[in-house]
Each structure stands twice: as structure tokens, then as C-alpha cells.
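Numbering of the sequence shown is given in UniProt numbering, commencing with residue 1 and proceeding in unit increments. Ideal Cβ placement from N, Cα and C applies to all residues, glycine included.
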Amino acid sequence: MANKRQLKKAIKYACGEIAGQCIVAANTLENTDVDQWDNIVINVALLQQEAVNRVSVDYDKTPSDFENRKAYNKARRAYFKQVEKALADYMHTQTEKVVEAMNALMPKAQK
1 MANKRQLKKA IKYACGEIAG QCIVAANTLE NTDVDQWDNI VINVALLQQE
51 AVNRVSVDYD KTPSDFENRK AYNKARRAYF KQVEKALADY MHTQTEKVVE
101 AMNALMPKAQ K
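Given below as C-alpha cells:
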């Protein structure tokens, strides 16, 4: 897992890019509902907030809970790997939903 700071920056960058594309599309495409584009931007902002909150997790055990340091490190790595996979799955599914909503608003001529 990348460090938390880099991961948060990547999430903010990706969500910012998606929101920017929505704003550009809302302002340049004709015959589209701007309110629906605004709702997508709001959903992207909520996605960003939730994803950043999911990055900020701590391992709740201490080395003294294990028989040796090796067991602690192994359990800690497994925990963070599980957290990273859950975050990746969450981002993937939510981003797909946003892209589907964006594609639904695009005029047929633009697709």
C-alpha cells in the first residue's frame, strides 16, 4: 500500500478530474440538463470524501498482543492489504456508477 498521503492525493486528483470533466461537459454540450451534471459533481465530491475517510485507518493491535514481532508484522500487513483491496473495490464500483451516469447524460451524437 502506498503511504496514506500519496493515496489521498491520488484519490483527490482522480475525483477532481472526473468533476472537471462533468463541469466541462455541462458547459459545452447542448441540450443537456445542467442540474443532473451538478448532481454528478456532488456525488463525486461525496465519493472523494468517503474514500479519503476510508484511507485513514489504523491497526488496532499492538506488538504485545502477539507472541513475537514477526507475527505482529504479518498480521498488520494482512490487515492493511485487506483494507487496500476493500478501498480499491469501493472506488472501482463507485467510479463505474459515476461514469455510467455521465454517459447517460451525453447526447447520442457525442457518444
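- For residue 15, same chain residues with a beta-carbon under 8 Å away, outside a window of 5 residues either side, are 44, 45, 47, 48 and 51 in chain order.
- In this structure residue 99 is exposed. Its beta-carbon is surrounded by fewer than 16 other beta-carbon atoms within 10 angstroms.
- As the crow flies, the alpha-carbon of residue 106 is around 17 Å from that of residue 17.
- Your pair residue 40 and residue 102 checks out as a contact, with CB atoms roughly 6 Å apart and the cut at 8 Å.
- Shown here, residue 66 sits in coil according to DSSP, grouped into three states, outside any helix or strand.
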